[in-house]
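*Asks:* Okay, handing you the structure first.
2 protein chains.
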Amino acid sequence: MKIGIIGSGSMGQALGKFFALAGHDILLGSRTPQRVNEWIATEGLTARSGSYAEATQFGDLVLLVTRWAETPAAIQAAGSLAGKILVDCSNPSGADGFYHVGDGRMISGAEEIAQWASGAKVVLAFNSIYGSMLLAGTQFGDDNPSAFYCGDDENAKAVVAQLLQAAGLDPVDAGALKNARYLEPLAGLMAHLGENMGWGGENIAYKLLRRRRD
Amino acid sequence: MKIGIIGSGSMGQALGKFFALAGHDILLGSRTPQRVNEWIATEGLTARSGSYAEATQFGDLVLLVTRWAETPAAIQAAGSLAGKILVDCSNPSGADGFYHVGDGRMISGAEEIAQWASGAKVVLAFNSIYGSMLLAGTQFGDDNPSAFYCGDDENAKAVVAQLLQAAGLDPVDAGALKNARYLEPLAGLMAHLGENMGWGGENIAYKLLRRRRD
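First to last, the protein sequences are chains A and B.
Numbered according to our numbering, the first sequence spans residues 23 to 236.
Numbered according to our numbering, the second sequence spans residues 23 to 236.
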């Protein structure tokens, strides 16, 4: 699959490397594509870099992996996203670093992104998954991590679910895009456990245990 | 262990039944203890009911399982909680039923409870676990659910962690009580998946996958 990535920070690079190694065609969009090209060469990846607009035009699927404060400008720079599957992998950050507490937020970041990215088929995914965990391998003994996703376009969701599954993850449908309000706060706990509680992000992931439905 | 329970709604009853069947001494505090006694008899449990104050005096450990709107009055009715281990099993509910989005909340419910319950050793636990799941059994194939907890008193946390472990759960320490801000939003997703996404609460639980730390 041709995957364009908007944002070349640590998570953008991790997703780019992860999907490049999995055999996808990657264009890693950056504000500093030359520096990203050096990183690609150092890593020995089959991938290339370009502008946000080039990443958008390139991708059958576009991953949005920007810091919240930079997201409106990044979407602006991306050009038309109409008709594109836009996978929001980001999170709005709250006051004091506590996601969704104390920031006065009334809707999810994913819903705001859908407003900004006119005509895009927005699916939230990867927002509570560490890139370093993906690169360290998706197996935890006999378990693999769950990957929650939500969105309003069923065809786009099916494409994303297939991508998650092929990546060794366990897709969990959380319904419509507005349910990003439930999914985004998961990132706060994940970051807290990884960075404050001594686990290291590469060593932890969520699993939704399920058993036979009655 | 002598466990007092403040609140006899569906979660209070589920925890009472779960811990009574596990051999603990239970006093289920209620505003309608007579009705709870009938339920105890119907269930054939070794347990008893009483007022919130009686549950508080009885318990070496007190579970708080009330609806958010009723919590201040319940704590008032409970009498002195000074020195008690108070396990907050509740969640503040937000506007539109979306926890922690759109409710203008600046701190966690658990921190507010610690302010209201003067001198209590507050530990948040069980807030994103379905009572019906506990009663249906804590095994999911070879997995068991994680139980996140946090609090400011290390001895109280150790008691709660032991209780969680003995109950067949996998305790995960999330640090200080303020980190309830990360844990309470988990309940929103759990309720959404159980009630809106067709799983049924008894069939789902979170697991935090971990692997060897480097």
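Beta carbons are placed, not taken as given, at the ideal position from N, Cα and C, and that holds for glycine.
Give the single residue among A:Met-219, A:His-214, A:Asn-166, A:Ala-202 whose Cα lies nearest to the Cα of A:Pro-193.
*Replies:* Answer by Cα proximity: A:Asn-166.
*Asks:* Just mark B:Ser-102 as buried or exposed, buried being the case when its beta carbon has 16 or more other beta carbons within 10 Å.
*Replies:* Answer is exposed; the Cβ neighbour count stays below 16.
*Asks:* Considering only C-alpha positions, which residue in the set B:His-46, B:Phe-162, B:Cys-111, B:Thr-160 is nearest to B:Cys-172?
*Replies:* Here the closest residue by C-alpha is B:Cys-111.
*Asks:* Could you confirm whether any beta carbon from chain A is found closer than 9 Å to the beta carbon of B:Asn-113?
*Replies:* With 9 Å as the cut-off, B:Asn-113 does not count as an interface residue toward chain A.
*Asks:* For the putative contact between B:Val-144 and B:Ile-151, defined by C-beta atoms under 8 Å, what is the C-beta separation to the nearest angstrom?
*Replies:* With 8 Å as the limit, B:Val-144 and B:Ile-151 do not qualify as a contact, their Cβ atoms being about 18 Å apart.
*Asks:* In chain B, which residues lie less than 7 Å from A:Asn-218 when you measure between Cβ atoms?
*Replies:* Ordered by position in chain B, the residues that pass the 7 Å Cβ test against A:Asn-218 are Gly-197.
*Asks:* Hey, out of B:Phe-40, B:Arg-203, B:Ala-96, B:Gly-210, whose CA is closest to B:Met-155's CA?
*Replies:* Residue B:Phe-40 is the option with its Cα nearest to B:Met-155.
*Asks:* Just checking: is the beta-carbon of B:Leu-205 within a distance shorter than 9 Å of some beta-carbon in chain A?
*Replies:* By this cut-off, B:Leu-205 is an interface position.
*Asks:* Hey, does A:Val-194 have any beta-carbon neighbour from chain B nearer than 9 Å?
*Replies:* It does: the Cβ of A:Val-194 has a partner Cβ on chain B nearer than 9 Å.
*Asks:* Within the 9 Å Cβ cut-off, does A:Trp-221 reach chain B?
*Replies:* Yes, because at least one Cβ of chain B sits closer than 9 Å to the Cβ of A:Trp-221.
*Asks:* Quick one: is A:Asn-201 buried, meaning 16 or more other Cβ sit within 10 Å of its Cβ, or exposed?
*Replies:* When all chains shown are included, A:Asn-201 counts as buried.
*Asks:* Check whether the Cβ atoms of A:Ile-28 and A:Thr-78 lie closer than 9 Å to each other.
*Replies:* In contact: A:Ile-28 and A:Thr-78 (Cβ atoms closer than 9 Å).
*Asks:* I'd like the list of long-range same chain contacts for B:Leu-191, defined as Cβ closer than 8 Å, with 5 residues on each side in sequence excluded.
*Replies:* Same-chain partners within the cutoff: Ile-151, Thr-160, Asn-166, Pro-167, Ser-168, Ala-169.
*Asks:* So who's on the other strand from A:Cys-111, going by DSSP bridges?
*Replies:* According to DSSP, A:Cys-111 bridges with nothing at all.
*Asks:* Is A:Arg-233 near B:Gly-31, with beta carbons less than 9 Å apart?
*Replies:* Cβ distance not < 9 Å, so A:Arg-233 and B:Gly-31 don't count as in contact.
*Asks:* Between A:Glu-217 and the rest of its own chain, which residues show a CB-CB distance below 6 Å, the 5 nearest in sequence each way excluded?
*Replies:* No residues qualify anywhere along the chain.
*Asks:* At which residues does the beta strand (DSSP E) containing A:Lys-229 begin and terminate?
*Replies:* That run of the beta strand (DSSP E) goes 226-232.
*Asks:* In chain order, what residues of the same chain have a beta carbon less than 7 Å from the beta carbon of A:Thr-68, not counting five sequence neighbours either side?
*Replies:* Excluding positions up to five away in sequence, the list reads Ala-42.
*Asks:* State the Cα-Cα distance for the pair B:Gly-20 and B:Gly-51, rounded to the nearest angstrom.
*Replies:* A question about residue 20 of chain B goes unanswered here, because the residues of chain B that appear run from 23 up to 236.
*Asks:* Mind pulling the chain B residues with CB within less than 8 Å of A:Leu-191?
*Replies:* Chain B residues near A:Leu-191: none, gap ~11 Å exceeds 8 Å.
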